[in-house]
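Everything in the first sequence is counted per our numbering, starting at 7 for the first residue and increasing by one. Quick reminder that beta carbons are idealized off the backbone N, C-alpha and C, glycines included.
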Amino acid sequence: MGNMARRNDEVEALLQEYADLLSITGGDAFKVRAYERAARAVGGHHEDVSTLDAKRLRAVPGVGRSIADKVAEYFRTGTIRSLEEVRARIPAGVRELMAIPTLGPRKAALLYHDLGISSVEELVDAIHEERLRDLKGFGPKTEENILHGVALLRQAGGRVPLDDAWELAAEIVAELSGVSGCLRCVHAGSLRRFRETIGDLDILAAADDSAPLMDAFTRLPLVAEVIARGAKKTSVRTTKGFQVDLRVVPVQAWGAALQYFTGSKEHNVRIRERAVHAGLKLSEYGLFDAESGELVVSETEEEVYARLGLPWIPPPLREDRGEVEAALRGELPELVTEEDIRGDLHTHTDLTDGVSTLEDMVGAAAGRGHEYFAVTDHAPNLPMVRMSDEKMLAQRERLRAVAGEYPALTLLHGTELNIDPEGEVDWPEDFLATFDVCVASIHSHFTLSGKDTTRRLLRACENPCVNIIGHPTTRLLGRRDAIDADLGEVFRACARTGTALEINSAPDRLDLRDEDILHARRYGVKFAINTDAHSVRSLDVLRYGVGTAQRGWLTADEVINTWPLGRLREFLRKGR
DNA sequence: GCCGTTTTCGGCCCGACTGTTTTCAGTCG
């Protein structure tokens with residue numbers, strides 16, 4: 007799976023790059039869109055595109071003769087000639103300008119052609135030197151927006167999205183686990199704790215002799231540079247500029263090392279304090295008697311915690327947010343797990359902006375062992391999707407038709423509504439009431455005042471047909487701030503009206519985020535952990551939503567899509 | 001560049017918002 011995903015991802019990235027470069031050069035907008043569409047389709051495709059012959063490649067929606075040829079050329083030669091040609095004309099830094107929110111291909115092209123700007127740094131310098139002032143279409147507000155966008159980008163501080171880190175870790179762990187003499191290998195660090203972005207990736211392995219593991223590690227194809235190489239620790243930088251540390255420990259020290267390298271630093275400080283008070287000393291090598299220096303325990307994390315008078319603490323809780331105190335009181339939450347999730351309540355198909363068909367999405371849901379599955383395509387007020395009542399009803403018929411093939415899976419017909427500035431949604435109540443489930447989300451007017459946004463969300467909660475507030479803060483990691491709202495008021499309204507808050511699992515959203523979940527659960531709110539999947543493959547993101555929910559201390563009972571269908575349906579009736 | 005119970009051309013995702021203009025270009029969802 008990991009490997010297959012990467013081949014498709016490679017092609018998706020290349021086609022998207024080609025689309026971006028075409029748009030910068032002012033190429034035909036429809037051609038640009040064709041490449042973007044093909045990129046998304048390949049990225050979301052369920053088969054490994056490197057294994058497909060020409061005919062089956064062209065069966066991927068949006069892939070025709072020309073793009074199929076380019077994909078084949080890439081797998082045959084390792085490059086795409088036409089991409090190389092356009093790369094030679096446009097520096098990579100110009101494309102990187104497009105990562106700045108509010109800065110698209112036209113402005114990037116203008117900045118490059120008129121001022122020779124080809125990096126974010128040069129752009130920031132140029133703004134401070136007031137060199138943008140004479141540029142057509144650029145005013146003071148544009149400068150301000152660019153600087154804010156750059157600040158958002160830099161907030162991520164070189165950190166990597168959770169899914170990128172996860173996939174990289176999975177690949178490295180799989181590779182190293184096969185090395186002779188490797189007794190254990192896992193990822194640790196902030197990835198094990200499911201933080202929303204990852205700084206450095208920490209891989210931990212156990213072996214008697216570390217040399218074969220270190221050799222294999224430094225020889226991985228994705229390694230661009232070996233930063234440090236030792237017997238216990240080796241650090242590399244990947245071709246994408248990401249630092250990965252491998253630590254190899256004797257298997258006897260596994261538990262102590264895993265505990266130490268999982269962090270967080272703040273959690274470990276608390277744990278070591280407890281050790282000191284008990285006359286012990288904790289390090290990555292084990293728990294030792296402070297006086298005699300004799301090893302007490304080190305083989306498993308459970309033993310280490312137990313010897314300190316604590317139950318094992320799940321990694322997502324290890325942030326020094328009261329988990330040690332809760333553990334001491336015997337009040338650690340029994341965290342929701344991916345296995346607890348019985349179904350997804352927010353997904354899309356190619357009827358709107360998804361890339362997989364309804365049949366493929368449903369088949370994949372059945373394959374995952376879901377008990378229920380909601381298809382919730384976009385409602386008409388999102389103009390790009392050109393939705394209509396007729397299309398929705400036709401989809402409902404199609405859903406009914408496919409349902410017969412999966413007797414163990416209950417299909418729910420839903421929609422993702424748009425909450426307008428007044429808090430109203432797309433359809434009147436009588437039509438909404440015909441859906442099994444309605445998600446309602448903000449997709450426009452992100453910059454209303456806090457007061458107006460709060461009122462807007464409250465109004466949506468009070469709609470008797472709105473079951474779930476989708477991606478409640480609408481933030482995009484590294485791209486868009488959370489909306490300004492009095493979340494306490496919103497959470498109170500959700501609890502009162504029987505409206506669930508979504509934990510959107512998309513790695514660039516993770517919305518609600520962990521702190522907001524901790525806040526919201528104090529109001530007795532219910533949650534829904536959804537994928538918002540736009541393809542079969544993106545159904546996999548569920549783990550990130552569950553990890554985020556765990557960081558928010560959620561138990562299965564607080565999450566409506568862990569419930570049996572009957573209890574879920576009762577909740578979705580919302581007292582109607 | 002893709003696609004076709006419109007089949008080899010002529011459409012294709014469209015409307016709103018923002019900031020810049022002085023009638024509109026660029027970006028976004």
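Boundaries of the beta strand (DSSP E) around Gly420: 416 to 424. Taking Gly285 as the centre and dropping the five residues before and after it, the same chain places the C-beta of Ala296 closer than 6 Å to its C-beta, in chain order.
Per DSSP, Ala380 is one residue of the beta strand (DSSP E) stretching across 378 to 384. With fewer than three CB-CB distances shorter than 8 Å, the region 110 to 118 does not count as touching the region 40 to 49. Membership of Ile509 in the beta strand (DSSP E) is indicated by the continuous run 506 to 510. When rounded, the separation of the alpha-carbon atoms in Glu403 and Lys397 is 10 Å. As summarised for the region 493 to 569, the continuous beta strand (DSSP E) elements at least 3 residues long and confined to that stretch are 506 to 510, 533 to 536, given in chain order. Taking C-beta atoms as the reference points, Ile209 and Ala175 count as a pair closer than 8 Å. Secondary structure remark: continuous alpha helix (DSSP H) runs of at least 4 residues inside the region 85 to 118, in chain order: 87 to 95, 98 to 103. Between the alpha carbons of Pro434 and Leu388 lies a gap of roughly 16 Å. Rounded to whole angstroms, the separation of the alpha carbons of Pro322 and Thr554 is 8 Å. Around the beta-carbon of Gly551, 16 or more other beta-carbon atoms lie within 10 Å, marking it buried. C-alpha of Glu344 to C-alpha of Asn567: approximately 11 Å in a straight line.
Counting along the chain, His134 sits inside no beta strand (DSSP E); it lies in the alpha helix (DSSP H) bounded by residues 126 to 134. Remark: C-beta atoms of Thr460 and Cys444 do not approach each other more closely than 8 Å. Here Arg71 carries a helix assignment [DSSP, helix/strand/coil].
Using a 10 angstroms sphere on the CB of Glu150, the tally of other CB atoms stays under 16, which defines it as exposed. The beta carbon of Gly558 sits closer than 6 Å to those of Asp520, Ile523, Leu524, all from its chain and outside the five residues before and after it, given in chain order. Per DSSP, Ile152 lies in no beta strand (DSSP E) segment; the continuous alpha helix (DSSP H) that holds it begins and ends at 146 to 161. Across the set Leu314, Ala312, Lys287, Ala506, the C-alpha of Lys287 shows the shortest separation from the C-alpha of Leu301. DSSP places Lys271 inside the alpha helix (DSSP H), whose first and last residues are 271 to 283. Leaving aside the five residues that flank Ile319 on each side, the residues in its chain whose CB is nearer than 7 Å to its CB run, in chain order, Tyr311, Glu329, Ala333, Leu338.
Contact check between the region 535 to 551 and the region 503 to 514: three or more CB pairs, one atom from each, fall below 8 Å, which counts as touching. If you look at Phe441, you'll find it isn't in any beta strand (DSSP E); DSSP assigns it neither H nor E.
Bridge partners of Ala234 according to DSSP: Ser241. Note that the region 405 to 412 touches the region 361 to 375; at least 3 beta-carbon pairs, one per stretch, sit closer than 8 Å. Here the C-alpha atom of Pro470 lies approximately 21 Å from the C-alpha atom of Leu399. In the DSSP annotation of this structure, the continuous segment of the alpha helix (DSSP H) that includes Cys467 starts and ends at 456 to 468.
The Cβ neighbour count for Ala212, taken over all protein chains shown within 10 Å, is at least 16; the residue is labelled buried. By the Cβ rule, the region 530 to 546 counts as touching the region 493 to 510, because three or more pairs are nearer than 8 Å.
Given a length threshold of 4 residues, each whole run of the alpha helix (DSSP H) inside the region 297 to 323 is given here in chain order: 307 to 313. Beta-bridge partners assigned by DSSP to His193: Ile209.
The Cβ-Cβ distance between Arg139 and Leu27 does not fall below 8 Å.
If you compare the alpha carbons of Ala501, Cys467, Ser447 with that of Thr479, the shortest gap goes to Ser447.
Contact check for Gly336 against Glu307 fails: the beta carbons are separated by 8 Å or more.
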